[in-house]
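Chains as they are written, first to last, in our numbering: chain L, 42 to 289; chain B, 45 to 268; chain W, 12 to 49. We put the beta carbon where it would ideally sit given N, CA and C, even for glycine. First the structure, in the form of structure tokens, and then the observations on it.
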Amino acid sequence: MNEPRNRTSTASPLTLSLGLAALLSLGATVALGLSLPATVEQGEYSRLIAIHPGVAWASYVSFGVTALASALWLWPRTRAPRWDLLAGASAEIGVVFTALTLATGSIWGRPTWGVWWVWDARLTLSALMLALYLGYLALRRVPNPPDARARRSAVAALLAVAVVPLNHFAVDWWRTLHQGRSLAQIDPGNDLDGAFIGAMLLGFLAMTLVYAWLLVHRVRVARLEDEVEEASLAVALEERRAEALVAP
Amino acid sequence: MWRDAVLVGGKDLRIEARSRVAANQIVPFAVLVLILFAFALDADRGVLTRAAAGLFWVAVLFSAVLAVQRAQAVESSVGTGDALRLSGLDPAGIFLGKAGAVAVQLLVLEVVLGAGVVLLYDVEPAGYPTLAATAVAATLGVAAAGTLYGALAAGSRVSETLLPLLLLPAVAPVLIAATRASEAALGTSALPVAAGDWLALLGVLAVVYVAFGVVAFGPLMEEQ
Amino acid sequence: MNGYVAAGYGITLVTLAAYALRTLRRGRVLARAARDDR
């Protein structure tokens, strides 16, 4: 991902082609999803199968990329600023997808259960992921030299990666005690029509492409942020030095 | 490593023995939380008794945040943060020592809170071995996670608001498991619960957090 | 079409579009600033 030089935006041939692919697949997903027939069990709501699993998948991918990039930064032999920038960018996009997962999950459950929230294993896990992400991003915003920021966020990201599966077990065991409402119950089983599975898979593809496109732009933004920050620091230092020379 | 841990942990506990901040401020805070819950839940004995295990552990978690912040503050107020780093003590030992001191303080707190819950929430104590095992495993995990996140959030002006945001989601599984195991021991859960699974999960969590701390504290102390 | 389904699709598309526009705009502002600095 080479940064564009002397450009006025973060766009490039890569982002244009990625963006086009993302847009096309997203359009196809929406078209296919909305054209799905109503099912006996859920009426029209099963149409959400084209987007809810997709955004959930994208949120897991974001999380994974953040963790992987953090590990690459922490490992001395592969350490490079780009991994830290990648981790931060992926986390910010992950927040967006996780929030969408919660919103679409909530909307999907509402007509069936009549409530805006079900404490099922997957939604609860997504809620926890959101909290972990937000903490990670808050940690990144603490004014620190780049090295310290990268190191601390990397540790936080890897710890989060360890916590999520453990929490999955805990919440799963906890909720199976109750056999209550769960999105898994209204999720399609294997006995669903091919068109539904197709819509879901198309949704996975579309959201992955959207994620990738956003990621390239967001990493470039992060790199530019650091560049501009360094430049303004250098300018401030120069001015300070000039003042010191002039002052009696 | 262990020698350094005992050194650092002993120092922290000695400071506590002298200043009594945990005893005079954190323990009363925890009891206050129990009382607030009673106000909020309308002191309908039925509700409090059924929810006692969960409320107990929530109070412990809030107190843990304070205990960790106190452990961090001890270093920065005296300016010993840099001294620790340069002292040549094993970072893993420093981590274990600080986490151990926090754990000891939390365990004492839990005994007091346990008495509080029995008195205030009309709970019949039972299943002591399970309760003790739960407390030890959960406390080790929370203390380790807290010390690690305390180090991550340290040195910034926002560390006091950042620490709870970082720590509490990370110990959510501890809360779930500890509550279920405690309920199993007390017999207050509405459904049949096997404490064994939950205790195993608590053990795994404790091992994971401690391992992370031991490994990560070295790199964290590298920054100047 | 059902209100809930519309809300689900709508929220998703609008949120993604809004975030995308915000990122692109930041990119443009920063790229110009960086270019001027050089």
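Problem - Partners in chain W for residue 86 (chain L), counting only beta-carbon separations shorter than 9 Å - result: Walking along the first sequence from the start, residue 86 (chain L) turns up at place 45. Within 9 Å Cβ-Cβ: 13, 15, 16 and 19.
Handout entry: Opening and closing residue of the alpha helix (DSSP H) in which residue 51 (chain L) lies
Key = Residue 51 (chain L) sits at position 10 when you count from the first residue of the first sequence. That residue, residue 51 (chain L), is in no alpha helix (DSSP H); it is neither H nor E in DSSP.
Problem - Given residue 67 (chain L) as reference, the closest of L:184, L:91, L:164 and L:192 once Cα atoms are compared - result: To locate residue 67 (chain L), count along the first sequence from 1; it is residue 26. Of the listed residues, the one whose Cα sits closest to residue 67 (chain L) is L:91.
Handout entry: Assigned secondary structure, residue 280 (chain L) (DSSP; H/G/I helix, E/B strand, else coil)
Key = As a position in the first sequence, residue 280 (chain L) is number 239, starting the count at 1. In this structure, residue 280 (chain L) counts as helix in the three-state DSSP scheme.
Practice task
Report the three-state DSSP secondary structure of residue 151 (chain L) (helix, strand or coil).
Solution key: Along the first sequence, read from residue 1 onward, the residue named residue 151 (chain L) stands at position 110. Residue 151 (chain L) falls in the helix class under three-state DSSP.
Problem - Same chain, Cβ closer than 8 Å to residue 12 (chain L), five either side skipped, listed in chain order - result: Lying outside 42 to 289, the shown extent of chain L, residue 12 (chain L) is not represented and no answer is given.
Exercise for the section: Return the chain-ordered list of same chain residues with a C-beta closer than 6 Å to the C-beta of residue 208 (chain L), the five sequence neighbours on each side being excluded. Expected result: The count along the first sequence starts at 1 and reaches residue 208 (chain L) at position 167. Closer than 6 Å at the Cβ level, and outside the excluded window around residue 208 (chain L), lie 169.
Handout entry: Secondary structure of residue 232 (chain L), DSSP reduced to three states
Key = For this step, residue 232 (chain L) is matched to residue 191 along the first sequence. With a pLDDT of 49 at residue 232 (chain L), under the threshold of 50, the modelled position of this residue cannot be trusted; read the value that follows with caution. DSSP places residue 232 (chain L) in coil when its eight states are reduced to three.
Practice task
Please go through the same chain and pick out, in chain order, the residues whose beta-carbon is closer than 6 Å to the beta-carbon of residue 151 (chain B), but skip the five residues on each side of it.
Solution key: Residue numbering aside, residue 151 (chain B) sits at position 107 when the second sequence is read from its first letter. Hits under 6 Å: 183.
Exercise for the section: For residue 162 (chain L), collect the residues of the same chain with a Cβ closer than 6 Å to its Cβ; drop the 5 residues on either side in sequence, then sort them by chain order. Expected result: As a working note, residue 162 (chain L) is residue 121 in the first sequence. Within the same chain, residue 162 (chain L) has close Cβ partners 212, 213 and 216.
Handout entry: Residue-level contact to chain L via CB, residue 37 (chain W), 7 Å cutoff
Key = Here residue 37 (chain W) is taken as the residue at index 26 of the third sequence, counted from 1. Output row for residue 37 (chain W): interface = yes.
Problem - Integer-rounded CB distance, given that residue 134 (chain B) should sit under 8 Å from residue 56 (chain B) - result: If you number the second sequence from 1, residue 56 (chain B) lands on position 12. If you number the second sequence from 1, residue 134 (chain B) lands on position 90. Not a contact, Cβ separation roughly 16 Å.
Handout entry: residue 47 (chain W) versus L:281, L:280, L:88 and L:276, residue with shortest Cα-Cα distance
Key = Sequence index remark: in the third sequence, residue 47 (chain W) carries index 36 (1-based). Sorting L:281, L:280, L:88 and L:276 by C-alpha distance to the C-alpha of residue 47 (chain W) places L:276 at the top.
Problem - Residues of the segment 166 to 196 of chain B with Cβ closer than 9 Å to any Cβ of chain L, in chain order - result: 189, 192, 193, 195 and 196
Handout entry: Any C-beta of chain W under 7 Å from that of residue 42 (chain L)
Key = Numbered from 1 along the first sequence, position 1 holds the residue referred to as residue 42 (chain L). Since pLDDT at residue 42 (chain L) reaches only 46, below the 50 mark, its modelled position is unreliable, and the value read off the structure follows with that caveat. It does not; no Cβ of chain W falls within 7 Å.
Practice task
Starting from residue 166 (chain B), follow the alpha helix (DSSP H) in both directions and report where the run begins and ends.
Solution key: Reading the second sequence from its first residue, position 122 is the one you call residue 166 (chain B). Counting along the chain, residue 166 (chain B) falls outside any alpha helix (DSSP H), and DSSP gives it neither H nor E.
Practice task
Can you pull the chain W residues whose beta carbon is under 9 Å from the beta carbon of residue 94 (chain L), in chain order?
Solution key: To locate residue 94 (chain L), count along the first sequence from 1; it is residue 53. Residues of chain W whose Cβ lies closer than 9 Å to the Cβ of residue 94 (chain L) do not exist, since the nearest Cβ in that chain is about 12 Å away.
Handout entry: residue 231 (chain L) to residue 51 (chain B) span [Cα, whole Å]
Key = Residue numbering aside, residue 231 (chain L) sits at position 190 when the first sequence is read from its first letter. Residue numbering aside, residue 51 (chain B) sits at position 7 when the second sequence is read from its first letter. With a pLDDT of 48 at residue 231 (chain L), under the threshold of 50, the modelled position of this residue cannot be trusted, and the question is left open.
Practice task
Hey, could you find the ends of the alpha helix (DSSP H) residue 53 (chain B) is sitting in?
Solution key: Within the second sequence, residue 53 (chain B) is the residue found at index 9, counting from 1. Bounds of the alpha helix (DSSP H) holding residue 53 (chain B) are 46 to 63.
Exercise for the section: Tell me where the alpha helix (DSSP H) around residue 131 (chain B) begins and ends. Expected result: Along the second sequence, one-based indexing puts residue 131 (chain B) at 87. First-last for residue 131 (chain B): undefined, no H or E at that position.
Exercise for the section: Look at the Cβ atom of residue 62 (chain L), then the Cβ atom of residue 256 (chain L), and state whether they are nearer than 7 Å. Expected result: Position 21 of the first sequence, counting from 1, holds the residue named residue 62 (chain L). Position 215 of the first sequence, counting from 1, holds the residue named residue 256 (chain L). Contact flag unset, no.
Problem - Within chain L, partners of residue 200 (chain B) - CB distance below 8 Å - result: By 1-based counting over the second sequence, the position of residue 200 (chain B) is 156. The answer, in chain order, is 183, 184 and 185.
Exercise for the section: Please decide whether residue 29 (chain W) counts as near chain L, where near means a Cβ-Cβ distance under 7 Å. Expected result: On the third sequence, position 18 is the one that residue 29 (chain W) refers to. For residue 29 (chain W), the answer is no, since every Cβ of chain L falls outside 7 Å of its Cβ.
Exercise for the section: Could you tell me whether any Cβ in chain W is nearer than 7 Å to the Cβ of residue 50 (chain L)? Expected result: Walking along the first sequence from the start, residue 50 (chain L) turns up at place 9. Cβ-Cβ to chain W under 7 Å: yes for residue 50 (chain L).
Problem - Collapsed DSSP secondary structure at residue 197 (chain L) in the structure displayed - result: Taking the first sequence and counting its residues from 1, one reaches residue 197 (chain L) at position 156. Of the three classes helix, strand and coil, the one that applies to residue 197 (chain L) here is helix, per DSSP.
Practice task
Starting from residue 218 (chain B), follow the alpha helix (DSSP H) in both directions and report where the run begins and ends.
Solution key: Mapped onto the second sequence, residue 218 (chain B) falls at position 174. First-last of the alpha helix (DSSP H) with residue 218 (chain B): 216 to 230.
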